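Before any comments, here is the structure.
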């Protein structure tokens with residue numbers, strides 16, 4: 031016990047000495063920059079970076095490069111600052127560091143200070159997104175995409191901002207950006223076109239995902255009820271097809287109400303679904319802002335208008351012939367007149383699956 035305590039104390043003293051040493055070095059480097067010795071200071075930063083990395087002091091190297099980059103940015107030294115920013119990424123790539131909000135915010139800060147027209151910025155954001163996805167080839171961490179989108183929005187780079195918003199989970203932020211984009215750059219006759227691209231993007235995401243995912247059988251309808259819900263939701267958003275697809279229901283709000291009620295077992299799997307669907311209901315189906323939690327306000331409003339509800343469709347009974355389930359339907363699906371090529375809309379009796387968050391965030395524009 032005594033030996034362990036002594037070792038811990040020695041480690042603490044070494045850590046304090048290291049921090050003190052880093053602070054002294056930073057002080058000298060800062061003094062060089064303040065005097066205008068930019069080249070000398072830049073080379074000193076690089077030398078220290080590789081020294082720290084060779085000693086596996088990745089955190090120290092990263093912190094020193096980040097503070098150095100910010101210092102150079104504050105003195106208008108874009109090239110030196112961008113170079114040190116790339117070294118920050120190198121330290122992250124070579125260290126076993128978990129993605130954390132603080133790291134993503136630091137990267138976004140460096141990105142925001144770079145010259146928007148510099149090639150270094152393009153290279154930086156590409157590497158940053160790759161690192162944030164764990165090198166898996168995915169499109170990058172949603173939080174980083176959100177931070178990048180906000181920076182690009184401030185720069186009025188609306189096209190690139192929209193791209194990053196669509197890969198984040200910030201549907202509301204994207205909507206606000208699109209409003210500004212439309213009012214400042216578009217014609218009055220194009221007001222619907224700015225949001226249409228985002229909604230159509232959601233439809234393409236769903237179609238591509240369900241066609242290419244190896245664990246999803248050909249559909250629709252799908253084995254996973256949540257996928258059927260998304261399919262119905264995207265169809266319902268397209269108001270021109272509601273009457274053709276759901277002839278037994280009166281209006282888009284009724285369709286949305288029935289879908290939310292019928293698929294509640296699946297929608298309860300993630301509490302965020304309620305928030306997404308509340309926003310979608312307000313934007314596309316005329317639902318007033320909710321006064322209560324869950325779907326109380328939505329379903330109450332629909333019921334008070336005499337609209338169709340899940341109860342009016344009838345609950346599944348024992349046996350296929352009584353429940354309305356057609357022979358050949360997949361387990362967990364019941365038939366409702368008016369949708370499927372065979373004459374039925376497919377409703378669930380239980381829930382599983384999982385593509386909703388990303389698509390709902392796109393629809394929440």
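Numbering (my numbering), first residue to last: 31 to 395.
Glycine included, C-beta positions come from ideal geometry on N, C-alpha and C.
These numbers were taken from a predicted model, which means no experiment stands behind them.
By the neighbour-count definition (other C-beta atoms within 10 Å, threshold 16), residue 234 is an exposed residue.
For residue 316, same chain residues with a beta-carbon under 8 Å away, outside a window of 5 residues either side, are 282, 283 in chain order. Counting C-beta atoms within 10 angstroms of its own C-beta, residue 154 has 16 or more neighbours from the protein chains shown and is therefore classed as buried. Classified as buried, residue 311 has 16 or more neighbouring CB atoms from the shown chains inside 10 Å of its CB. With respect to the 9 Å criterion, residue 171 and residue 196 are not classified as neighbours on the basis of their beta carbons.
Three or more beta-carbon pairs separated by less than 8 Å link the segment 148-162 to the segment 170-188, which places the two stretches in contact. The closest CA to that of residue 194, considering only 201, 185, 179, is found on 179. Burial of residue 111 is indicated by the presence of at least 16 other C-beta atoms within 10 angstroms of its C-beta. Nearest to residue 118 by alpha-carbon distance, out of 76, 106, 107, is 76. For residue 292, the enclosing alpha helix (DSSP H) stretches over residues 282-292.
Residue 246 sits in coil when the DSSP states are folded into three classes, being neither helix nor strand. The beta carbon of residue 185 sits closer than 7 Å to those of 146, all from its chain and outside the five residues before and after it, given in chain order. Cβ neighbours of residue 237 within its own chain (closer than 7 Å, five residues either side excluded): none.
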